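Numbering (my numbering), first residue to last: 176 to 483.
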């Protein structure tokens, strides 16, 4: 699984087999996911243009490879940050109150964060799809509590497989006590508001692209536990290309979780924080007037107008 993959242009020295989406490794051609991806890829190269939620300074070499197949490419990311900057520059409202979340956000966690020291909390969220077994839940939970660091953990109501009110679902006393003293758990959180909070020091994430680019835009280091699809590749780029965090894929062990959290929040904290802040500077450059994403959005608008 650690064998390097040299057949992907622009990623020759980056990807290992374990960093490729699992569906791409399926041998049988009748796998539904694999068939869908192949069909969508073929359709993509037939498009008159391609809009991507990324920016040139983040993925320039990859975008150059894509342009060989789709020259009319518009990298306008991070879209959420670009939209916010555009609205503010035009004197329009830009507020955290606008949300497209599928889950009801629990804003009580913001009040909890307000009472915490700067950069003292690790934010834990594995997105809107990831599910955990009870054993995985306990391994993460023990690792977080044993790390000694404060944590804000998003725990969706449907995120635990086989979760019910039957016997065997009791929470160990040591986890309850550890969470009461330095943790906060909510069903869903206003993520962009949380990431921007000064109490947050790092993001423990599933490496979904929205979460990844939101963290980059804010300038937060990431501890990655990818679940499926592009998350496997995203986490590799976080750790080995952008160097703004650690990749913890293919493992779920309380000792490793504890070790990784300590490394992120203590041992290599300054290193990752400095690198993450430098990435946030590149984001601001891209979305500011004259920046690549700013200009690409203008170019996209002109293209759309020309087709009317």
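For each residue, glycine too, the CB sits at the ideal point set by N, CA and C.
Every value quoted in this text rests on a predicted model; they were computed, and no experiment measured them.
Inter-residue Cα distance where the pair is residue 405 and residue 196: So the two alpha carbons sit approximately 6 Å from each other.
Status (buried if at least 16 other CB within 10 Å, exposed otherwise) for residue 389: Flag for residue 389 reads buried.
Beta bridge counterpart(s) of residue 248 as assigned by DSSP: Looking at the DSSP assignment, residue 248 forms a beta bridge with 225.
Through-space distance from residue 460 to residue 340, alpha-carbon basis: Per-residue confidence for residue 340 stands at a pLDDT of 49, beneath the threshold of 50, marking its modelled position as unreliable; no derived number is given.
Test item: CB-CB of residue 361 and residue 283 under 8 Å: Yes, they are a contact pair.
Three-state secondary structure (DSSP) of residue 456: Helix, per DSSP.
Short Cβ contact (8 Å threshold) for residue 326 with residue 358: Yes. Within cutoff.
Cα-Cα separation, residue 434 to residue 414: For residue 434 and residue 414, the distance between alpha carbons rounds to 16 Å.
Simplified DSSP assignment, three categories, for residue 283: Here residue 283 sits in helix by DSSP.
C-beta atoms of residue 400 and residue 438 nearer than 8 Å: Contact flag unset, no.
Buried or exposed (CB count within 10 angstroms, at least 16 for buried), residue 244: It is exposed - the Cβ of residue 244 has fewer than 16 other Cβ atoms within 10 Å.
Residue 402 (DSSP reduced to helix, strand or coil): The answer is coil: DSSP assigns residue 402 none of H, G, I, E or B.
Contact check, residue 448 vs residue 373, beta carbons under 8 Å: Result no, Cβ atoms of residue 448 and residue 373 do not sit closer than 8 Å.
Exposed unless 16 or more other CB atoms sit within 10 angstroms - verdict on residue 277: Burial state of residue 277 is exposed, judged by a 10 Å Cβ sphere holding fewer than 16 other Cβ atoms.
Residue 417 in three-state terms, based on DSSP: DSSP places residue 417 in coil when its eight states are reduced to three.
Closest by C-alpha distance to residue 257, when choosing among 474, 475, 458: Distance from the Cα of residue 257 is smallest, within the candidate group 474, 475, 458, for 458.
Boundaries (first-last residue) of the alpha helix (DSSP H) holding residue 507: Because the chain here runs from 176 to 483, residue 507 falls outside it and cannot be looked at.
The segment 329-339 / the segment 304-316 touching (three or more Cβ pairs under 8 Å): Judged by pairs of C-beta atoms under 8 Å, the segment 329-339 touches the segment 304-316, as three or more such pairs exist.
Nearest candidate by alpha-carbon position, reference residue 221, set 238, 208, 242, 235: Sorting 238, 208, 242, 235 by C-alpha distance to the C-alpha of residue 221 places 242 at the top.
Straight-line gap, residue 250 to residue 478 (C-alpha atoms, nearest Å): Each residue's alpha carbon lies about 14 Å from the other.
Local conformation of residue 377 per DSSP, three classes: Residue state for residue 377 is assigned as strand, using DSSP reduced to three classes.
Short Cβ contact (8 Å threshold) for residue 298 with residue 429: A distance of 8 Å or more separates the beta carbons of residue 298 and residue 429.
Cβ-Cβ distance between residue 364 and residue 455 below 8 Å: Their beta carbons are not under 8 Å apart, which means residue 364 does not touch residue 455 by this criterion.
Contacts around residue 237, its chain only, beta-carbon distance under 6 Å, and the 5 residues preceding and following it disregarded: The answer, listed in chain order, is 185.
Sub-8 Å separation of residue 219 and residue 225 beta-carbons: Cβ atoms of residue 219 and residue 225: closer than 8 Å.
Status (buried if at least 16 other CB within 10 Å, exposed otherwise) for residue 383: Its Cβ being crowded by 16 or more others within 10 Å, residue 383 is buried.
Cut-off 8 Å between Cβ atoms - residues of its own chain near residue 370, not counting five sequence neighbours on either side: So the list reads 298, 378, 389, 390, 393, 395, once near-sequence residues are dropped.
According to DSSP, residues forming a beta bridge with residue 496: As shown, the chain starts at 176 and ends at 483. That puts residue 496 outside it, with no answer to give.
Reduced DSSP secondary structure (H/G/I, E/B, other) of residue 325: Note: residue 325 maps to strand in three-state DSSP.
For residue 180, the three-state DSSP class (helix, strand or coil): For residue 180, the secondary structure class from DSSP, reduced to helix, strand or coil, is coil.
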